[in-house]
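Same order as they appear, the protein sequences are chains G and E.
Counted the way the numbering used here counts, the first sequence spans residues 1 to 229.
Counted the way the numbering used here counts, the second sequence spans residues 230 to 458.
Protein chains: 2
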Amino acid sequence: MAATILLVEDEPGIQELVKFNLTQAGHAVMCAESAEQALVITREALPDLVLLDWMLPGMSGIELARIFRTDVRMKQVPIIMLTARGDERDKVLGLETGADDYITKPFSPRELSARIKAVLRRRAPQMTEDRVEVRGLSLDPVSHRVIGNTVALELGPTEFRLLHFMMTHPERVYSRAQLLDHVWGDHVFVEERTVDVHIRRLRLALEVSGHENLIETVRGAGYRLSAQL
Amino acid sequence: MAATILLVEDEPGIQELVKFNLTQAGHAVMCAESAEQALVITREALPDLVLLDWMLPGMSGIELARIFRTDVRMKQVPIIMLTARGDERDKVLGLETGADDYITKPFSPRELSARIKAVLRRRAPQMTEDRVEVRGLSLDPVSHRVIGNTVALELGPTEFRLLHFMMTHPERVYSRAQLLDHVWGDHVFVEERTVDVHIRRLRLALEVSGHENLIETVRGAGYRLSAQL
DNA sequence: ATTTTCTTGTCATTTTCTTGTCATATGATG
DNA sequence: CATCATATGACAAGAAAATGACAAGAAAAT
């Protein structure tokens with residue numbers, strides 16, 4: 001569950017404290033002291049999540065959130081608002097702006113950690129109910145069906161999850177270790193070679209509709225689902 | 230068409246009025262005077278639908294709706310917002326929050342009733358009295374009859390409810406836990422394996438008209454009623 | 001009230017399907 | 001050619017689902 005987190009907070013004390021906690025929890029932390037600085041940073045590297053203080057000098061947190069929400073690259077990145085008072089109006093406003101969650105100061109490290117975890121999980125693209133479609137192969141999480149060119153395909157639970165993950169993350173190489181993390185779960189003790197076997201089973205199942213070459217082997221790196229013909 | 234409805238409304242007058250109308254229409258009504266109270270009530274028993282006043286003391290209606298939408302148990306329960314003015318902004322906000330419909334005060338009993346029916350039909354089709362038909366199998370809630378290809382089928386109460394639910398929610402996988410929630414009721418203490426047994430009984434009953442393969446097992450996920458041939 | 005008939009939930013058992021691993025084959029790379 | 005990475009086939013342990021039987025309880029009939 002290690003993530004890259006952008007912390008936008010002007011008070012040095014709180015910034016340090018939060019940063020320390022996050023680092024302890026195994027996250028990589030980037031810091032900004034103002035909305036403007038945050039914008040510069042996000043231009044360089046996309047964080048997995050943003051912790052955003054409500055009250056900021058210059059551009060306010062809520063305004064920054066609004067900008068993020070309209071930005072193509074940042075749109076998907078979850079935002080947690082840090083608000084000083086438990087004012088209902090703030091909460092509502094924050095959530096309306098598109099924040100995924102808010103947390104009221106003072107907060108405990110445990111609470112912060114829990115919220116981060118929850119938000120990250122909620123945003124995990126794999127868990128959505130949206131149907132995915134690539135090159136005539138369609139996978140529907142709701143009905144739990146895979147159809148390739150009108151032919152229904154049979155695949156086991158693991159192959160289904162594997163395919164789902166790769167279809168929602170196309171054009172990107174994943175190492176065996178990464179696939180184990182994402183498809184099997186974070187702390188499973190399974191041989192890396194096992195991934196090979198499941199890739200093979202998946203390809204075998206996809207053969208029925210001629211989609212077996214959808215998944216490419218990248219020697220020395222891992223596997224990739226290619227959306228291109 | 231009898232449903233359990235949770236009414237969240239702080240004004241005693243309106244509360245009484247609505248409650249009276251709903252009861253007349255054959256619904257069971259639970260009342261809360263605040264969002265907080267509503268949360269307590271829903272922790273005990275799940276309603277089939279929520280009527281939610283927009284303006285509430287303490288936590289606002291919109292925030293309550295948001296909480297419901299992120300709650301595993303309440304996520305599926307339809308919400309109708311009660312709003313005082315016909316303000317467009319309210320309407321939009323309400324619908325964005327996940328409300329299924331909204332109704333502007335003052336409203337007539339007939340209008341309320343119609344909206345409830347419409348929402349239930351959309352979100353909880355098994356609550357309505359409509360006859361369902363899939364692949365030559367027809368189930369009529371009113372006469373409580375199931376007919377498959379002109380042959381009358383015999384099934385017990387639980388099997389009937391199970392089939393009704395699945396027929397109104399085809400092409401969707403339901404886990405044993407979900408089926409227990411929807412068919413048996415929210416917190417009943419019943420083994421998950423029991424679902425297997427009832428699925429079997431249902432299949433057995435459907436065999437008479439050759440509909441036994443209507444219900445498919447999705448290994449590792451649950452069961453699905455497939456409308457496709 | 002009492003008997004009879006159904007319905008239901010549970011369990012033990014059997015059957016079917018999955019899955020992780022290994023040994024070996026195949027193919028790429030330098 | 002030697003070496004390393006990946007593909008493949010087989011298999012046994014184990015998980016999940018189907019099945020059959022049963023007893024407690026509810027509903028209906030008497």
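The C-beta atom is built at its ideal place from N, Cα and C for all residues, glycine as well.
This one's a predicted model, so the numbers in the text were calculated from it and none came from an experiment.
Residue i classed as buried or exposed, judged by whether at least 16 other C-beta atoms fall within 10 angstroms
i       : result
D277(E) : buried
V190(G) : exposed
T299(E) : exposed
H440(E) : buried
D425(E) : exposed
A231(E) : exposed
L216(E) : The first residue shown for chain E is 230 and the last is 458, placing residue 216(E) beyond what the model contains.
G290(E) : buried
G255(E) : exposed
R244(E) : One point to set straight first is that residue 244(E) is Gln, not Arg, in the sequence displayed. Burial call: buried.
L368(E) : buried
H187(G) : exposed
E44(G)  : exposed
T150(G) : exposed
H198(G) : buried
P335(E) : exposed
V306(E) : buried
L349(E) : buried
V40(G)  : exposed
L366(E) : buried
S372(E) : exposed
V72(G)  : exposed
L230(G) : Here chain G covers residues 1 to 229 and nothing more, so residue 230(G) does not appear.
Cβ neighbours of residue i in the same chain (closer than 7 Å, five flanking residues each side left out)
i       : result
T446(E) : Y452
R405(E) : E421, V424 and G451
V29(G)  : I5, L7, K19, L22 and T23
C260(E) : L236, Q244 and K248
L483(E) : Here chain E comprises residues numbered 230 to 458, so residue 483(E) is not present and cannot be evaluated.
W184(G) : V190
F267(E) : Here residue 267(E) is Ala; the residue named in the question, Phe, does not match the sequence. Only L235, V237, A261 and L293 meet the Cβ criterion.
E388(E) : H427, R430, L431 and A434
Short CB-CB distance (under 9 Å) between residue i and chain E
i       : result
R145(G) : yes
V40(G)  : no
G136(G) : no
V142(G) : yes
P78(G)  : no
P157(G) : yes
S209(G) : no
P125(G) : Since pLDDT at P125(G) reaches only 49, below the 50 mark, its modelled position is unreliable, and no value is offered.
L17(G)  : no
Own chain partners of residue i with C-beta closer than 8 Å, once the 5 adjacent residues on each side are dropped
i       : result
K304(E) : F297 and R298
I332(E) : I309, M310, L311, T312, E340, L341 and R344
H164(G) : Q126, V132, L139 and P141
A328(E) : L281, A294, I308, I309 and M310
R364(E) : H440, L443, A456 and L458
L391(E) : L408, V412, H427, I428 and L431
V402(E) : V447, A450, G451, Y452 and R453
Beta carbon proximity, residue i to chain G, threshold 9 Å
i       : result
R401(E) : yes
G449(E) : yes
R302(E) : no
R351(E) : no
R453(E) : yes
Same chain, Cβ closer than 6 Å to residue i, five either side skipped, listed in chain order
i       : result
S226(G) : E216
I33(G)  : A quick correction: the sequence has Glu, not Ile, at residue 33(G). Around E33(G): D10.
H182(G) : F165
Item to check | Segment contact flag, the region 272-291 of chain E with the region 235-247 of chain E, C-beta cutoff 8 Å, min 3 pairs | outcome: yes
Next on the checklist: For the region 357-364 of chain E against the region 393-404 of chain E, do three or more pairs of beta-carbon atoms, one drawn from each stretch, fall closer than 8 Å, so that the two count as touching?
Outcome noted: yes
Item to check | Within the region 363-424 of chain E, ranges of the alpha helix (DSSP H) (whole runs, at least 4 residues) | outcome: 386-397 and 405-408
Item to check | Entirely enclosed alpha helix (DSSP H) segments - the region 24-58 of chain G, minimum 4 residues | outcome: 35-44
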